[in-house]
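Numbering (our numbering), first residue to last: 5 to 491.
Every residue gets a Cβ at the ideal spot worked out from N, C-alpha and C, and that includes glycine.
Working notes for the structure below.
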Amino acid sequence: MKTVLNYINGAQVEGGGKLFDKFYPASGELLLKVSFAAEQDCDNAIAAASESFKKWAVTPPGQRAAVLRKAAQLMRERLDVLAEVEVLDTGKPLREARADDVVSAIDCLEYMSAQAATVHAQQYDLGENMAYTRHEPLGVCVGIGAWNYPIQLIAWKAAPCLAAGNSMVFKPSEMTPSNAVLFAEILSEAGLPPGVFNVVQGDGQVGRYLAEHPQVAKVSFTGSVASGLKVAASTAQMMKKTTLELGGKSPLIIFADAEIDVAVEAALCSNFSSQGENCCNGTRVFVQASIYDEFCEKVAKATKALKVGNPMDLETEIGSLISPQHRDSVCSYIESGVQQGATLLVGGGVYVVEGLEGGSFVFPTVFCDCTDEMDIVREEIFGPVMSILKFETEEEVLARANDTLFGLAAGVFTQDISRALRMTKNLEAGVCWTNTYNVVPAELPFGGYKNSGLGRENGAYALKEYTQVKSVYIQVERPSFPFKCVK
Ligand code: NAD
Numbered sequence: 005m006k007t008v009l010n011y012i013n014g015a016q017v018e019g020g021g022k023l024f025d026k027f028y029p030a031s032g033e034l035l036l037k038v039s040f041a042a043e044q045d046c047d048n049a050i051a052a053a054s055e056s057f058k059k060w061a062v063t064p065p066g067q068r069a070a071v072l073r074k075a076a077q078l079m080r081e082r083l084d085v086l087a088e089v090e091v092l093d094t095g096k097p098l099r100e101a102r103a104d105d106v107v108s109a110i111d112c113l114e115y116m117s118a119q120a121a122t123v124h125a126q127q128y129d130l131g132e133n134m135a136y137t138r139h140e141p142l143g144v145c146v147g148i149g150a151w152n153y154p155i156q157l158i159a160w161k162a163a164p165c166l167a168a169g170n171s172m173v174f175k176p177s178e179m180t181p182s183n184a185v186l187f188a189e190i191l192s193e194a195g196l197p198p199g200v201f202n203v204v205q206g207d208g209q210v211g212r213y214l215a216e217h218p219q220v221a222k223v224s225f226t227g228s229v230a231s232g233l234k235v236a237a238s239t240a241q242m243m244k245k246t247t248l249e250l251g252g253k254s255p256l257i258i259f260a261d262a263e264i265d266v267a268v269e270a271a272l273c274s275n276f277s278s279q280g281e282n283c284c285n286g287t288r289v290f291v292q293a294s295i296y297d298e299f300c301e302k303v304a305k306a307t308k309a310l311k312v313g314n315p316m317d318l319e320t321e322i323g324s325l326i327s328p329q330h331r332d333s334v335c336s337y338i339e340s341g342v343q344q345g346a347t348l349l350v351g352g353g354v355y356v357v358e359g360l361e362g363g364s365f366v367f368p369t370v371f372c373d374c375t376d377e378m379d380i381v382r383e384e385i386f387g388p389v390m391s392i393l394k395f396e397t398e399e400e401v402l403a404r405a406n407d408t409l410f411g412l413a414a415g416v417f418t419q420d421i422s423r424a425l426r427m428t429k430n431l432e433a434g435v436c437w438t439n440t441y442n443v444v445p446a447e448l449p450f451g452g453y454k455n456s457g458l459g460r461e462n463g464a465y466a467l468k469e470y471t472q473v474k475s476v477y478i479q480v481e482r483p484s485f486p487f488k489c490v491k
């Protein structure tokens with residue numbers, strides 16, 4: 005049986021921690037073992053990152069860019085392998101892993117390679133004197149990933165981090181350990197010096213050790229709000245820079261003037277992509293009263309037609325949830341929806357795929373007649389469960405959409421440009437889409453308001469998050485101090 009190792013200072017190494025069983029979500033079979041890092045391995049990875057940082061930080065940005073560009077090219081050549089590994093780790097459909105996840109990682113590497121050389125200073129004329137700024141890398145950064153978009157999350161953290169001249173120790177989720185090591189190997193093959201990007205395997209305890217480590221300058225974390233709060237508490241002890249990409253319960257708002265078929269497709273995409281295990285998903289679908297019945301009918305019909313099945317089959321649209329425990333949690337939310345009075349339109353629980361009886365499939369589930377207080381409407385389920393709610397006016401839906409502790413994303417469907425502008429201005433969310441959903445180009449900053457996070461990934465903002473600004477003041481004329489030298 006294969007064991008997934010750590011990647012420290014340019015080589016795969018066994019960890020001193022336990023061997024963790026990793027199961028294939030779609031079959032429930034033992035897939036591989038994961039060699040967890042012990043504290044000493046974490047120390048070694050951080051020491052390697054710290055040592056390599058000295059040279060990488062002063063490597064000309066153009067050279068750093070060339071490494072990232074080459075890595076993107078290698079990933080493109082190996083897209084099929086990376087996508088299959090992603091499916092084995094997550095259980096998501098291969099067609100998504102190929103078209104979205106790996107491509108998003110490649111796009112980010114390419115974008116950040118182009119950005120690398122654009123980190124530039126400002127110069128200030130101050131009378132006879134002058135000053136300028138330097139945007140300096142931070143040092144050793146830690147990346148900690150969730151299990152739902154493993155390869156994308158690695159690239160979204162590593163690409164800006166390395167482009168800005170930092171080094172990184174990355175810890176993938178223990179549930180999805182594999183592509184981090186392949187990614188590290190690709191970076192090495194592309195010319196990244198040993199130690200600049202390292203991978204340590206492990207669970208939350210390993211993540212916590214890394215976040216608290218005194219030699220770490222920054223932590224970029226993706227995961228649940230509960231873990232994010234713990235990470236923030238850890239990093240606050242040493243005032244480390246911290247980026248948090250956390251959960252969501254995003255509103256998708258459909259006005260009566262929207263193109264209804266497009267809105268139906270968006271609702272499916274924003275609830276069932278990655279079998280609902282997507283932080284941005286628009287799981288609170290608000291529909292204006294006059295089109296509510298027609299919308300529900302169309303969504304129900306389209307949902308029933310979705311193909312749930314073997315994730316490796318390119319026809320499959322809905323794969324397996326990550327684990328039986330998570331499937332059970334999703335199913336208990338579905339039960340609570342029924343108990344709290346929502347109307348179950350489609351789905352309703354576990355789905356058995358022939359030949360993959362040990363998998364964790366849940367048929368895409370749609371509730372209508374939902375109310376704002378229901379658990380399925382308030383809490384992040386992180387599974388294929390859509391809640392449809394009725395609204396009458398723009399003011400009403402805006403208030404209800406914002407009545408949540410989360411603020412990751414939002415979507416508005418309308419043909420009225422003024423209304424779209426008003427809504428997107430007033431929605432409390434880090435990303436607002438109009439007449440589309442779940443589009444995350446590398447150029448656009450990504451991150452949450454409120455409990456959904458801190459800081460931004462992607463875009464030029466991400467690079468800023470991996471640098472600190474130094475102001476350098478140059479005195480040209482003799483300065484005049486209030487204290488005088490006595491001859
Ligand atoms: P999780 O919080 O359980 O785990 C995330 C990562 O944190 C894992 O690598 C885990 O080992 C580690 N971890 C756990 N406790 C830690 C601690 N105290 N200190 C340091 N590290 C710790 O989340 P998950 O179940 O893997 O992922 C699902 C969650 O992630 C959902 O809430 C989802 O919305 C969120 N998510 C957010 C984004 C985003 O960009 N906003 C993207 C993907 C997933």
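Our two residues, glutamate 88 and alanine 101, have alpha carbons roughly 8 angstroms apart in a direct line.
Excluding its 5 nearest sequence neighbours in each direction, alanine 30 has C-beta neighbours in its own chain below 6 angstroms: Gly95, Pro315, Ser324, Leu360, Gly363, listed in chain order. Listed in chain order, the alpha helix (DSSP H) elements of length 4 or more contained wholly in the stretch 191–235 are 208–216. Under the 10 Å beta carbon count, threonine 347 is surrounded by fewer than 16 other beta carbons and is classified as exposed. At least one heavy atom of ligand 1 falls within 7 angstroms of the beta-carbon of tryptophan 151. At least 8 angstroms separates the beta-carbon of leucine 214 from that of valine 185. Glycine 434 and leucine 142 have their C-alpha atoms spaced approximately 25 angstroms apart. For glutamate 383, the CB contacts under 8 angstroms within the same chain, skipping 5 residues up- and downstream, are Lys253, Tyr337 in chain order. Burial is judged here by how many other beta carbons sit within 10 angstroms of a residue's own beta carbon; arginine 482 has fewer than 16 and is exposed. Cβ neighbours of leucine 458 within its own chain (closer than 7 angstroms, five residues either side excluded): Thr246, Thr247, Leu248.
The three-state reading of DSSP puts phenylalanine 174 in strand, counting E and B together. Going by DSSP, aspartate 84 is part of the alpha helix (DSSP H) stretching over 83–94. Unbroken beta strand (DSSP E) runs of no fewer than 3 residues, entirely contained in the stretch 323–399, are found at 347–350, 369–372, 389–395, following chain order. Under a 10 Å Cβ-count criterion, tyrosine 136 is classified as exposed, with fewer than 16 other Cβ atoms of the shown protein chains found around its own Cβ. Residue pairing from DSSP places cysteine 436 in a beta bridge opposite Ala414.
In the three-state reduction of the DSSP assignment, valine 443 falls in the coil class, being assigned neither a helical nor a strand state. Taking a 10 Å sphere around the C-beta of serine 422, we find fewer than 16 other C-beta atoms and assign the residue as exposed. Using a Cβ-Cβ distance cut-off of 8 angstroms, the stretch 5–12 and the stretch 195–209 are in contact, since at least three pairs of beta carbons, one from each stretch, lie closer than that value.
For phenylalanine 276, there is no enclosing beta strand (DSSP E); the enclosing alpha helix (DSSP H) has its first and last residue at 264–276. Listed in chain order, the alpha helix (DSSP H) elements of length 4 or more contained wholly in the stretch 90–178 are 106–120, 154–167. DSSP, read as helix, strand or coil, puts leucine 425 in helix. Separation of the CB atoms of phenylalanine 417 and isoleucine 392 is rounded to 13 angstroms, and the pair is thereby denied contact status at 8 angstroms. DSSP places glutamate 481 in the coil class of the three-state scheme, outside both helix and strand.
Relative to the non-hydrogen atoms of ligand 1, the Cβ of isoleucine 380 never comes closer than 7 angstroms to any of them. For threonine 246, the enclosing beta strand (DSSP E) begins and ends at 245–249. In this structure glutamine 119 is in contact with alanine 464, their Cβ atoms being roughly 6 angstroms apart against a cut-off of 8 angstroms. In this structure, the beta-carbon distance from isoleucine 50 to valine 220 falls below 8 angstroms. Taking C-alpha positions only, isoleucine 264 is separated from glycine 280 by approximately 22 angstroms. Contact check between the stretch 65–82 and the stretch 32–52: fewer than three CB pairs, one atom from each, fall below 8 angstroms, which does not count as touching. In this structure, the C-beta of cysteine 372 stays at least 7 angstroms away from each heavy atom of ligand 1.
With a 10 Å radius around the Cβ and a threshold of 16 neighbouring Cβ atoms, tyrosine 296 comes out buried. Within the same chain, Cβ atoms closer than 8 angstroms to the Cβ of tyrosine 355 are found at Val312, Phe365, Val366, Phe367, the five residues on either side in sequence being excluded. Within the same chain, and ignoring the five residues on either side of methionine 134 in sequence, the residues whose Cβ sits closer than 6 angstroms to its Cβ are Ile478. According to the DSSP assignment, serine 254 belongs to no alpha helix (DSSP H), since it is labelled neither H nor E. Rounded to the nearest whole angstrom, the CA to CA distance from aspartate 407 to leucine 35 is 42 angstroms.
In this structure the stretch 74–94 touches the stretch 110–119; the number of beta carbon pairs closer than 8 angstroms is three or more.
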